[in-house]
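Everything below concerns the one structure shown next.
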Amino acid sequence: MGFLDVILGRSKPVSPDLDRLFALPSAAVTLQAAAGFEPTGLGSVCFASVEGGTFSRIQEEARSLLDGSVEFTQDAYGYTWLLAQHPPEDVAGLVNDLHAVNTSLEEAGFGPQLLCSLVGFRDERQRPLALVYLYKRGTFYPFSPKEGGGEKRDNPLELEVRAMLGDDLTIEQDLARWFPVWGAPGL
C-alpha cells in the first residue's frame, strides 16, 4: 500500500485464502447437529463470464479435473456457474473439487473473475440453505431463500446459522456483503 492510499483512506483488499474452503466439512457437521441441515451433495463456483476459446478451455479442464461430473450454466446477470455433484455424505470430496476448480481458474489468470463458491444444504422441511464463500473477501455467509417463489430471504435462519458457525468458519461481518444468489445451481 502506498502513501497516497493511506492518505485517501484506501485499504488493501483481503487476499483470498482458498484453503478456508476446507473448513466446510466440519461446519457441515455442526450445521447438521445444531439445526438438522443435511448436505445436498451439490456445490458450485461462480465467476464472471469468459468468452470464446478461453471459456471452452476452462470447461474442458474442469471436466477432466472433476471426472466429467460438472455442469456449466449462465445466470440472468451474465455470470457463469459451474455445478459439481457428490454423494451428500461426501462434503470433503465436494470441497476438494470446488477448491481444485478455484485454484485452477486462479492459476490460469482468472482470479479476478472468481466471485464465490457455495455448498448446498436442506433440512427436514426442505428449506434450502447455502454456505457461500466470497472469494475476494475470504469470508463465508449463509444464504437461505424462502420457499414459495419470489426473491425473499429467511433472514432469521441466516442469522441463526451465523451464530452456529462462528467457531467453524470466518463469517463475513458486513451484512451488506451477504449478497443474494437467487437461483444459484447447487442451492
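Taking the working numbering, the leading residue of the sequence shown gets 7, the next gets one more, and so forth. For each residue, glycine too, the CB sits at the ideal point set by N, CA and C.
- Query: By the 10 Å Cβ neighbour count, where 16 or more other Cβ atoms means buried, how is GLU57 classified, buried or exposed?
  - Reply: Translated into the one-based positions of the sequence shown, residue 57 becomes position 51. The residue is exposed, with fewer than 16 neighbouring Cβ atoms inside 10 Å.
- Task: Can you grab the Cα-Cα spacing for the pair GLY189 / GLY156, in whole Å?
- Result: Mapped onto the sequence shown, residue 189 falls at position 183. Mapped onto the sequence shown, residue 156 falls at position 150. Cα-Cα distance, rounded: 11 Å.
- Return helix, strand or coil for SER150, following the three-state DSSP convention. Mapped onto the sequence shown, residue 150 falls at position 144. If DSSP states are grouped into helix, strand and coil, SER150 belongs with coil.
- Candidates LEU171, LEU137 and ARG133: closest to LYS158 by CA position: Here residue 158 corresponds to residue number 152 of the sequence shown, with the count starting at 1. Closest by alpha carbon: ARG133.
- Query: If you drop the 5 nearest sequence neighbours on each side, which residues of the same chain put their C-beta closer than 6 Å to that of VAL20?
  - Reply: On the sequence shown, residue 20 is found 14 positions in, with the first residue counted as 1. With a pLDDT of only 48 at VAL20, under 50, the local geometry of the prediction cannot be trusted, and the value read off the model is given with reservation. Once the five neighbours on either side are set aside, the close Cβ partners of VAL20 are ARG143 and GLY144.
- Query: Can you tell me where the beta strand (DSSP E) with THR46 in it begins and where it stops?
  - Reply: Against the sequence shown, residue 46 aligns to sequence position 40. Run containing THR46: 44–54, per the beta strand (DSSP E) assignment.
- First and last residue of the uninterrupted alpha helix (DSSP H) at PRO31: Taking the sequence shown and counting its residues from 1, the one referred to as residue 31 is at position 25. Taken as a continuous stretch (DSSP letters only), the alpha helix (DSSP H) holding PRO31 covers 30–41.
- Is the Cβ-Cβ distance between VAL2 and VAL187 less than 8 Å? Summary: the structure shown does not reach residue 2, with the chain confined to residues 7 through 193, and so no result is reported for it.
- Message: Can you find the residues in the same chain that come closer than 6 Å, C-beta to C-beta, to VAL97, ignoring five residues on each side of it along the sequence?
- Response: Translated into the one-based positions of the sequence shown, residue 97 becomes position 91. Cβ within range, chain order: PRO31, ALA34 and PRO45.
- When DSSP labels each residue in this structure, what does THR176 get in the three-state scheme? Here the question's residue 176 lines up with position 170 in the sequence shown. In this structure, THR176 counts as coil in the three-state DSSP scheme.
- Message: Judging by CA-CA distance, which residue of PHE185, PRO118, ASP180 and ASP129 is the nearest neighbour of PHE149?
- Response: In the sequence shown, counting from the first residue as 1, residue 149 sits at position 143. Checked all of PHE185, PRO118, ASP180 and ASP129; the closest Cα to PHE149 is PHE185.
- Item | Endpoints, the alpha helix (DSSP H) within which PRO134 is located | Numbered from 1 along the sequence shown, position 128 holds the residue referred to as residue 134. For PRO134, there is no enclosing alpha helix (DSSP H); the enclosing beta strand (DSSP E) has its first and last residue at 134–140.
- Task: With a 10 Å radius around its C-beta and 16 neighbouring C-beta atoms as the bar for buried, classify GLU197 as buried or exposed.
- Result: Lying before the first or after the last residue shown, residue 197 is absent from the chain, which here runs from 7 to 193.
- Message: Classify TYR83: buried if its beta carbon has 16 or more other beta carbons within 10 angstroms, exposed otherwise.
- Response: Translated into positions along the sequence shown, residue 83 becomes position 77. So TYR83 ends up on the exposed side.
- Item | Own chain, CB closer than 8 Å to ARG128, minus 5 neighbours either side, in chain order | Along the sequence shown, read from residue 1 onward, the residue named residue 128 stands at position 122. Excluding sequence neighbours, ARG128 sits near PHE43, GLU44, THR46, PRO134 and LEU135.
- For LEU104 versus GLY59, is the C-beta spacing smaller than 8 Å? Within the sequence shown, numbered from 1, the residue matching residue 104 stands at position 98. Within the sequence shown, numbered from 1, the residue matching residue 59 stands at position 53. Between LEU104 and GLY59, the gap from beta carbon to beta carbon reaches 8 Å or more.
- Item | As assigned by DSSP and simplified to three states, the class of TYR83 | What you label residue 83 is simply residue 77 of the sequence shown in a count that begins at 1. Coil.
- Query: What residue from GLN119, GLY115, PHE116 and LEU72 has the CA that sits closest to VAL101's CA?
  - Reply: As a position in the sequence shown, residue 101 is number 95, starting the count at 1. Looking at the Cα atoms, LEU72 is the closest of the given residues.
- Item | Where the beta strand (DSSP E) containing VAL125 begins and where it ends | What you label residue 125 is simply residue 119 of the sequence shown in a count that begins at 1. Taken as a continuous stretch (DSSP letters only), the beta strand (DSSP E) holding VAL125 covers 120–128.
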